[in-house]
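A.B. asks:
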Amino acid sequence: MVYTRIRGRLVSDVAFLSSAAGLNGTSEDIVKRREEFGQNHVPQKPKTFVELVWEALQDVTLIILMLAAIFSLVQSFYHPPMYTRHSSKRHSGKASGEAATGRIEGDAILLLVVCMVLVTAFNNWSKEKQFRSPQSHIKHDHKFTVVRGEQVIQINVSEIVVGDIAQAKYC
Numbered sequence: 000m001v002y003t004r005i006r007g008r009l010v011s012d013v014a015f016l017s018s019a020a021g022l023n024g025t026s027e028d029i030v031k032r033r034e035e036f037g038q039n040h041v042p043q044k045p046k047t048f049v050e051l052v053w054e055a056l057q058d059v060t061l062i063i064l065m066l067a068a069i070f071s072l073v074q075s076f077y078h079p080p081m082y083t084r085h086s087s088k089r090h091s092g093k094a095s096g097e098a099a100t101g102r103i104e105g106d107a108i109l110l111l112v113v114c115m116v117l118v119t120a121f122n123n124w125s126k127e128k129q130f131r132s133p134q135s136h137i138k139h140d141h142k143f144t145v146v147r148g149e150q151v152i153q154i155n156v157s158e159i160v161v162g163d164i165a166q167a168k169y170c
C-alpha cells in the first residue's frame, strides 16, 4: 500500500478514512465531505470571448508592445520647433518622412498586438469548447468503482468525494 503525505500528515488522516475499508458510506459522511472539500464537477459557466480577450491582454510581452506602440505614435505626432542657424524662420524638428515612419511603426505594432490577442483568445475559446463537449457525457454516463463501507460499489463520476478509494482498471 502506498501512503502519500499532505503537509506532513498521511492522506488517510487528512481525508478521515480507513485505508482498508474506505469511507463508511453514510449519507451524513458524504454530505460532510462535499461541504468540506467541494463537489466533483467542472464549473458549467464557460468564459465569454470578451473575457478571453481580456486575459490575453494581460500578457507582459503584449503590454510592453502596446507601450512601445503608444510611444512611437506620440513621437510621430510631436513636432518641436527648431531654428536654423542662418535664418530666423522656424522649421519642423522632424522631416515629414520621419513622422510618417514613426506613425507606420506605431500602427504596425498595434495591429500586431490586436492580431495576437484575437488569435490567443480564439485558441483558448476553441480549447474550452472542446473540453466542455465531452464533460456532459462523462458526468452522466461513466460509472466508477469505489470502496465504501468495505463494499465495492459503482457510482457516477460526479458522486465521487474526497476519500473514496477507487479501483483502477487497466485495458
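Counted the way numbering that gives the first Met the number 0 counts, the sequence shown spans residues 0 to 170.
Virtual Cβ for every residue (Gly too), placed ideally from N, Cα, C.
Predicted, not measured: the structure shown is a model, and the values here were computed from it.
So, is L51 buried or exposed, given that buried needs 16 or more other C-beta atoms within 10 angstroms?
C.D. replies: Buried, because 16 or more other Cβ atoms sit within 10 Å of the Cβ of L51.
A.B. asks: Among the residues of its own chain, which have a CB less than 6 Å from the CB of F70, if the five just before and after it don't count?
C.D. replies: Correct list: empty, nothing qualifies.
A.B. asks: Measure the CB-CB distance between G24 and G162 and report whether it falls below 7 Å.
C.D. replies: Not in contact: G24 and G162 (Cβ atoms no closer than 7 Å).
A.B. asks: Tell me which residues share the same chain as I29 and place their Cβ nearer than 7 Å to its Cβ, disregarding the 5 neighbours each side in the sequence.
C.D. replies: Answer for I29: V160, listed in chain order.
A.B. asks: According to the Cβ coordinates, are Q150 and T144 closer than 7 Å?
C.D. replies: No, these two residues do not count as a Cβ contact at 7 Å.
A.B. asks: To the nearest angstrom, how far is the alpha carbon of L110 from that of T119?
C.D. replies: Roughly 14 Å separates the two Cα atoms.
A.B. asks: Where are the beta strand (DSSP E) runs, 3 residues long or more, that stay fully inside the region 59-85, in chain order?
C.D. replies: Taking only runs of at least 3 residues, the beta strand (DSSP E) segments lying wholly in the region 59-85 are 80-82.
A.B. asks: Is the beta carbon of A55 less than 7 Å from the beta carbon of G105?
C.D. replies: No; because the gap between Cβ atoms is not below 7 Å, this pair is not in contact.
A.B. asks: Compute the Euclidean distance between the alpha carbons of L117 and E27, then round it to the nearest angstrom.
C.D. replies: Those two C-alpha atoms are separated by around 48 Å.
A.B. asks: Residues in the same chain with beta-carbon distance under 7 Å from M65, minus the five sequence neighbours each way, listed in chain order, please.
C.D. replies: Only V112 meet the Cβ criterion.
A.B. asks: Looking only at C-alpha atoms, which of L61, N39 and I103 sits nearest to S75?
C.D. replies: Nearest of L61, N39 and I103 to S75, Cα basis: I103.
A.B. asks: Apart from the five residues on each side of it in sequence, which residues of its chain come closer than 8 Å, Cβ to Cβ, to P45?
C.D. replies: Excluding positions up to five away in sequence, the list reads E127, K128 and R131.
A.B. asks: Look up I29 in the DSSP assignment and say whether it is helix, strand or coil.
C.D. replies: Three-state DSSP puts I29 in a helix.
A.B. asks: Which residue's Cα is closest to the Cα of T60: E158, M115 and I164?
C.D. replies: Answer by Cα proximity: M115.
A.B. asks: Could you tell me if V146 is buried or exposed, where buried requires 16 or more neighbouring beta carbons within 10 angstroms of its beta carbon?
C.D. replies: Classification for V146: buried.
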